[in-house]
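Read top to bottom, the protein sequences are chains A and B. Start counting the first sequence at 12; every next residue gets the next number (our numbering). Start counting the second sequence at 4; every next residue gets the next number (our numbering). We put the beta carbon where it would ideally sit given N, CA and C, even for glycine.
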Amino acid sequence: MRKIVLLLSILVGFTLPVFAGYFDLALTLGTNVHMFEKDLDPSRMKLAWGASVGLTDDWELDVQVDTQLVPTFFGSSSISLVAQKALLGQRSTASPVAGVGINTLVGAGLMLSPYRSEGTMGISHLLLTLTPVTVGNPVTGKRERLFALTLAYNLSNQKFALLFDLVKYDFYAVGTYRDYR
Amino acid sequence: MRKVLVTVLLLVLCSSLSAQTLGYGVGFYGQNVEAEPERASSGAEVSLVYKPLLLPYLNPSMHVKTSVGTEMDGEWVAPYWEVGMTVDLVRIINHPFNFLAHNIIAYTPSVSVAYQYDPRRDLSLASVGFSPFKLSQKDFWYEFFSPFLTYDLSSGTLDSWGVNLVRYTFFFK
């Protein structure tokens, strides 16, 4: 089993041009709302924060922490790990030539949270996410992600919930025009 | 008194002077009512802003706001109507938040005071707000993480607190 996982990992590593120089890193700030699961998560408003890691020219890994602000200020948090693909073109070219300025992201991942029947922290949801509009790209240094909708399947009670991120800002620290001068 | 205030405000807003200085805003608010946690709500806030001046210090503006959101039980409500005044404390160009925007943008942290009416409870409130991450351009205000407190005008006690996580205001010409 371990051998298969290792082989698959190597295959994925070679298939995706992870080592071809495509890499960028951004800090993320934004908004989040967790809907249709009020019995497990009574939050009304959440702060989204985390990081976006560029894996290839059109794949990225987003780590997003959603922290409750209302009704409990800095209450419970969840952590989402999502791999996303840009659908409308290269998000970065790893050169001074910027990637596509307006894009769409689609992805999948999982959420770690206490929003489970057991109430303990653990893998709680499988996620399918769509971000219809992103404006900006790593090379220009900033990107806005708008109206992201995520379908969340709760593994503990087999029910669906919905996550909505009105806006998220990515501030790139690595992989911007400053690195390609 | 309330009618006079509204009439004066409408006259000012409708005057030709406002052609260069009127804006509308949209934001994402969350509010928690201290004594009634089931009335905690979140949703969209819309506002009209009148900004007659452009001072480097203590720049005033007036606003009218309302909000639409859902409470804890999912019921749709309009938790507050508000009329008030905002003062941009300073206007700074060289500041540490330029990385937040694509262009050079002014940093204008502001404080606001307002009369707020909660139609759900027929309650008059005084609202105090602070916008520590407010960025201003000629035609836009961008505000992030702006907390506010409201006090019951009859008892003087804290009634609710909340946050406007983002608010965008566009000044049309």
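Output yes or no for whether 9 Å exceeds the beta carbon distance between residue i and residue j.
i	j	result
A:R102	A:D52	no
A:T78	A:V150	no
B:S70	B:T172	no
B:S44	B:P99	no
B:V80	B:S64	no
A:T39	A:W60	yes
A:L139	A:E71	no
Over the uninterrupted beta strand (DSSP E) stretch that includes residue i, give me the two end residues.
i	result
A:V117	I113 to S124
B:D76	Run containing B:D76: none; DSSP gives neither H nor E here.
A:M132	Looking at the DSSP string, A:M132 is not in any beta strand (DSSP E), and its letter there is neither H nor E.
A:S88	S88 to A97
B:D162	L161 to F174
Let me make sure I understand the geometry here. Which of the options has the alpha-carbon closest to that of residue i?
i	options	result
B:V166	B:P63, B:V131, B:L51 and B:R94	B:V131
B:Q119	B:I96, B:E146 and B:S163	B:S163
B:R42	B:Y145, B:L25, B:G72 and B:G28	B:G72
B:R123	B:H105, B:W84 and B:R5	B:W84
A:G110	A:Q75, A:N148 and A:H136	A:N148
A:L58	B:L61, B:L57, B:Q140 and B:Y32	B:Y32
B:M88	B:V80, B:M75, B:Q34 and B:V114	B:V114
B:V86	B:H66, B:D76 and B:N101	B:H66
B:D91	B:A129, B:E146, B:E78 and B:N101	B:E146
B:G77	A:K49, A:V93 and A:A97	A:K49
B:L58	B:L156, B:G159 and B:S139	B:S139
Mapping DSSP to helix, strand and coil, what is residue i?
i	result
A:P107	coil
A:D190	helix
B:K6	helix
B:F136	strand
A:R55	coil
B:N101	helix
A:T151	helix
In whole angstroms, what is the alpha-carbon distance linking residue i and residue j?
i	j	result
A:M56	B:F136	18 Å
A:N168	B:G46	27 Å
B:S134	B:P112	6 Å
A:R189	A:L66	19 Å
A:G86	A:L123	15 Å
B:S19	B:V29	Unreliable placement is indicated for B:S19, whose pLDDT of 48 sits below 50; the coordinate value is still reported in the next sentence. C-alpha separation (whole angstroms): 24 Å.
A:S89	B:R94	37 Å
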